[in-house]
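Protein chains in written order, with my numbering: chain B, 1 to 293; chain E, 294 to 661; chain Z, 662 to 1194; chain W, 1195 to 1372. The beta carbon of each residue, even a glycine, is placed where N, CA and C say it ideally should be.
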Amino acid sequence: MLLLDLLLMLLIAYGFGFLYYGLYRNLSARVHGRFGPSLAQSFSDSIKLFVKEESTTFGWMFYLGPVIMASGAVLNVLFIPFLNQGESLQGLSSYGNLIVVLYLMVLGPLGNALGVGSSGNPFGVMGVTRGLTRLLALELPFYLAAIGVMIDAGSADFGIIMQAQSTQSNMFAHPLLFAAAFISFLGFMGKSPFDVVGAPQEVYSGPATEFSGKFLALLMSQSAMFSFAKLLLMVNLFWGGADHLGELVAKTFVLFVAATFIGSVYARFSTVQSVEFLIRIPTLLGIVGLALL
Amino acid sequence: MERKVITIYHGPQHPGITGNMSVELDLMGETITRARTHVGYLHRGFEKLIERRTIIQAFTIVCRICVPEPDPNEANFALAVERLAGIEVSERASYIRVMVLEMARLGAQLLWMAGQSGSVGLGTVGQWSIYDRDLILDLFEQLTGGRVYHMYIYPGGVRRELPDGFLERLSALLDYLQKRLDAYDRLFFDNASFQKRAIGVGVVRGEEVLRRGFSGQVLRGCGFARDLRRDNPYLLYDQLEFDIPTQSAGDVYARALVRRAEMRESIRILRQVIAQMPEEGAIMQKLPKHRKFTLPKEDTYVAVESARGEFGYYMAGDGSEMIRRMQVKGPSLIHAFSLLEPLLVGEELSNVALIMNSLGICPPEIER
Amino acid sequence: MFHFEATLLAHLFFGLSLLVILPLLRRRDLVLHLLLLLSLGILFYASSLATLFIGWEMMGWSSYFILASSARVATLQRYILFNLGGAFALLGAIALLYGFMGSLEYRDIDASLLPPWAMNAIALLLFVAVFVKSGIIGLHDWVVDSYSEATPLFSAILSAILSKAGIYLFIVMFMVLLKEGATEPLLFEIMAWLGVITSIVATFKAISQDEMRRLLAYSSIAQIGYIITILALMQGFALEAALYHTLIHTLIKLLLFMNIASIIAITQKERFSELGGMIYHAPVLFLLLVIGIIALAGMPLLGGFNSKFLIYTALLEEKRALLLGAVMFSSASAFLYCYKLVYGIYLGQRPQEASLHVSPKSYYLPQLLSAALLVLLALLPSLPVGYLSVIGVELGFAPLDDSNLFILQSAFGSFHGGALMGAFGVAFVALLGLLQLAHSKAKKVKDPLDISYCGEVPRSETNLHFGYGMGYELHRISFIAPLLRHHSRVLWDRLSLIASDFSALLSSLYSLSAQHVTLLALLLFTLLLLGGQ
Amino acid sequence: MMSYLEEHYELIHKTPRLFALHVTREQLLDTLHQITTHTSFDTLSQLTCTDWIEEERFELGYMLTNALRSHNLMLKCSIARDKVTMPSLALLFAQAEVMERELHEMFGIGFEGNETLYDFALEGWCDIPPMRREFDTLAYVNAHYDFREGREDNLDVKEEIKKRKAAAKSAKETPSGA
């Protein structure tokens, strides 16, 4: 039963992840004044890449990098409950908690960074370095917000955190914390102005530079699932989770659309600027939010 | 062996490069310690080809020297040939030339805006401005039959009469663009995130810049109101009213602001052209026959103000129907070497594309 | 000597010392190493302050002599000066205590008899001793220099064991002997923030290092910083978190320093800018280091997460949100130097000239041991909790729940190590299988320089290794740059300059002529007269 | 500013805003120095070279312009094609460095004092400099490259035009609807 539940969760994350990616391409196309590709495009892209005849590798660590990253994404999906009540779609969330998930979010990227590093491509490593440099500022506001939420709920357990919001969601109870977390979240989703990691005009394709064929397909799939997990995390922490699948879809979609639209009207900061910005504005919001707790 | 500095290539296959060139960068972290420009990925030997061609044959080549803005090349070529061969151009043809040049300038600025916004990851602006540039290209297609390469400004005048209702359509397009420029102001020029990226980056400053041969927005961005249309007028620019916008900061943002104002000035010039253009008049002078069209053994130098700076042609005839020597110097040669190389040292890698775009570097005109 | 209430605590610290020192014993400095071990025994199992001080001093001197075989004179001087300073502070505290208690035996000490000012003075003096030993920022110079100049093996001992002496001293003094003392709470507050500031600054410093062992030295300082912070809470679960972290950190540092010792033995190089691309020459070492850095970064799936989790929940339980935020910030920043460590040595491009030696086989044993323990602790996170909570009970705190070895319990939630491990394992194997079964064939490049290089071709002499550059950009970030720029040594240099000026002034008194002396005496006399009126 | 030039040199008025001046190789640096100090022509905007192969000389053109960018002065200097070195202007004008580098590559003119005369646009070129008139592009291409065969359905343009003309002619001769 649990196994079926887990598979269902992965399927939902995979499906909605790619669906949202397709929607992202469409929505940003509308902002640009174009028609985007069809929604099926991202699925077919990943399948096409997966069945490519040949892909280059630089050795066993390069081969394992995307696998570790995808495993990290899978773990993230499984350890965040999809719904705030009931038995189904809870995954392994009772075996972990918010702190575990916050750290799991970094595990996959670190594994992939090992793969990127073993390719010996300077652009890849520069991308990773940018990511890690940004991370030190990106996580701080999110951590502050998460700490506030945990202290408020008196637990790091997702179920209790969501239950504590049954009367009023954290977004309204702690608007400053939400604002801090949301700005971080934009960065986690790789949206402007914090999209420094794979900035094509600067570091070629960043960490993805050397990956091709099935490796790229795996990376695309994990990124779709991973972004769904991030949406899920935000919904659970600040919007009280979801009672049923429909509500979950609605909430994640709203969050996702907000991130997409904000992302398409800002220029990219440089790494240093994004670190400085994140340390100043959202961190300050977070600290004030904690003080008001 | 100490391996502190890594060497990377920014181009030729790099999304952050303008065209087919590369900058070899030595990086300490992401800080540039040495930059070296490399060209040669696109050398087509146009100057050599032109030496073996008659004027009409050479004419088809010159527009290809600069892709984003071919018309200043045609104008330069025509002006140089006319000066050597002693041909006078009618007033109507001159107005049409000014119109074409200003439309091309507007198109080039929109294209620049796409590049500049793309270099900071603001793709939306690029999508919009490329669409708007396409509307200008549509008009070019009606006028000349070609969208990018027009082959329109020929020695002696221009090659085709305006199609019916062209000026009205141009006027309507100008109204539309005027409105669009406000949208660009909001999304791009006044965007706080672009300002944060652009202010204080790539600063060119001081009296010395005049002596180093820079031109275009580089000069105007540091407070020198230099514009060949005003300083060394050609065609009918001395009869048209326009301002030369300047800024004093000398950074990327100052150059962007100069371009923003120049787009409005171009629209202003085009409106005057529409109003003042004579209804009647020859558009082409009588020219000698193909093989008889010879240039005397003389030389001359002409320069026009392109959207990116001074575009100069040196042309020498030798009494035959071939051109003995035509040497092209666009603004990019100086900007990409003697300006860009020292300017990049000490900058971050993320500013390379930004600075390069703001200097208006276009490799095809360096390599011809 | 063995009549001490906190024997289990001593067992823990001495056990760790044995774990680290025994595998590293070498013939050349055997005596000194044994002396060090002896001194640690004396220190940990002391039952009177006098014995404690003797152990403390012996530890300092024996390590000084071991260090003397490889370090520069300046480093040695710095080492001994800082340690003497710490020892004097400790001696001061002991003397004060003796003044009030009239005895040096642990059992005679009753802190409730101490007046507040004396308690605070003792606390301050002890803080100095603890801070020097654990390299709180400003007092950390000697740590970095001595770690990087010791022999590679002794670096491991220094970091894994000797850095813990300060922590032991703190626990014994404040949680066992002076528990009843009326120490000003503000002092502990300051200490908590000092700890976390130390860890943040040291983390940034670590990121900007080019030498492997200097990076690890700063990393040690940062980790000890967490422990100091958490200890300053003076709570039971905080103590257990700190002890857990001590245990984990000992394992990690043993693993990492031994790994680096192997690399130094193989390549004879110590800098990231001279290394790179070792992964395919030493895959086992690479995997061991990866285990080390994942644990160091505190990620789940390896033991490092357990103690981080306990630290975080302990801070959460005390509602110390800002302190926790700062700790998490420092911990997240640590990812960068963790990656730098593994990339700089093992990944990227090999340098051109590369003559490789063989690493001694004996270096692998401690690494394998710690790696195995780290994996085991990940699977059974509650394994040491039983022991730690007995220590906690011994010191008068409530025990922790360790009913299920797979689950690490805390007041703010729990996690299942086995489930994490299992889920990751299943996902990893499934995805690897999927990738293997794919129609697409993975083709290995023949030349490592066959990379996407923007259409150009790198030459063999082109440097593509980013080891030095990683983290260099921190110098541009406005609020980090000053931390990296200002070296605390400048402060000490200035202090020594003032001291030598002052002593020069004093010494000039000896060489004064008779007239000057008379003049001075007159002046003094006048002043006295004036003062008398 | 014109008066100084008129006084000291034989100025050729090409247009109201363009002047020319002939100097010898030896006079060049001195003249440039005089002009930049006494007149406002203080910027080098282009460095040209024309190959007068029948007269066995290169004609170098130093295009000067003033700070106001309103007038141009062309300093022309002929040098023998076989004795091909010039003093570098890199110290006088920073921008001359790259211009000289290009001419060095394209014409094989050496510039004494310019340290940057390495590859410009060509890579590893070892033939005669390509912009010299004796360099035959077609011969070079024939010697170094193979012509790729066209597509299979490729048609000969001349043949096709002939065919079309013939077809049009025959269509005219036999009017439809007859």
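| Query | Result |
| --- | --- |
| Contact belief for P81 (chain B) with L89 (chain B) at Cβ below 8 Å, rounded distance in angstroms | 7 Å |
| Span of the alpha helix (DSSP H), counted from its first residue to its last, around E1353 (chain W) | V1351 to E1367 |
| Closest Cα partner of A137 (chain B) within the set B:A217, B:T271 and B:L290 | B:T271 |
| Residue interval of the beta strand (DSSP E) (run including P1281 (chain W)) | T1279 to P1281 |
| Partner residues on chain B for V1106 (chain Z), Cβ-Cβ distance less than 8 Å | T56, T57 and F58 |
| Between the CA atoms of P37 (chain B) and G419 (chain E) - distance to the nearest angstrom | 19 Å |
| Residue of Z:V1106, Z:I885, Z:G1086 and Z:R687 minimising C-alpha distance to W854 (chain Z) | Z:I885 |
| Buried versus exposed call for M61 (chain B) [16 or more other C-beta atoms within 10 Å across all chains shown] | buried |
| Start-end ranges of the alpha helix (DSSP H) lying completely within the segment 483-564 of chain E, minimum 4 residues | 485-491, 501-504, 510-514 and 521-524 |
| Closer than 8 Å to chain E by CB, E935 (chain Z) | yes |
| Short-range partners of chain Z found in the segment 165-192 of chain B, where Cβ spacing is below 9 Å | none |
| Burial state of D611 (chain E) (16 or more Cβ within 10 Å) | buried |
| S383 (chain E) beta carbon less than 8 Å from that of I576 (chain E) | yes |
| Where the beta strand (DSSP E) through R742 (chain E) begins and ends | Only positions 294 to 661 of chain E appear in this structure, which leaves residue 742 (chain E) out of reach. |
| Reduced DSSP category for G617 (chain E) - H, G, I as helix; E, B as strand; rest coil | The sequence shown places Arg at residue 617 (chain E), not Gly. Three-state result, R617 (chain E): strand. |
| N1260 (chain W) (DSSP reduced to helix, strand or coil) | strand |
| Closer than 8 Å to chain E by CB, Y204 (chain B) | yes |
| Proximal residues of chain W, C-beta to C-beta of S631 (chain E) below 7 Å | A1288, Q1289, E1291 and V1292 |
| Start-to-end residues for the alpha helix (DSSP H) that takes in Y1004 (chain Z) | A982 to Y1007 |
| Chain B within 8 Å of K980 (chain Z), Cβ atoms only | yes |
| From W:Y1256, W:P1281 and W:L1349, residue whose alpha carbon lies closest to that of E1306 (chain W) | W:P1281 |
| Same chain only: Cβ atoms within 8 Å of T1368 (chain W), ignoring 5 sequence neighbours per side | none |
| Interface partners of R1211 (chain W) on chain E, CB under 8 Å | N525 |
| Contact list for E210 (chain B) against chain Z, beta-carbon separation under 8 Å | I1112 and S1113 |
| Buried or exposed (CB count within 10 angstroms, at least 16 for buried), L1189 (chain Z) | exposed |
| Residue interval of the alpha helix (DSSP H) (run including E660 (chain E)) | P656 to E660 |
| Reduced DSSP category for V1217 (chain W) - H, G, I as helix; E, B as strand; rest coil | strand |
| In DSSP terms, what R932 (chain Z) is bridged to | Z:E872 |
| Straight-line Cα distance separating L1212 (chain W) from F269 (chain B) | 48 Å |
| Three-state class that DSSP yields for C356 (chain E) in the structure shown | helix |
| Alpha-carbon spacing of V511 (chain E) relative to G148 (chain B), whole angstroms | 51 Å |
| Closer than 7 Å at the beta carbon, the chain Z residues around V298 (chain E) | N1124 |
| Chain Z residues whose Cβ lies nearer than 9 Å to that of E323 (chain E) | G1130, Y1133, E1134 and R1137 |
| Rounded straight-line distance, which links the Cα of D1245 (chain W) to that of R618 (chain E) | 8 Å |
| Beta-carbon contacts of G408 (chain E) that lie in its chain and below 7 Å, excluding the five residues immediately before and after | T311 and N650 |
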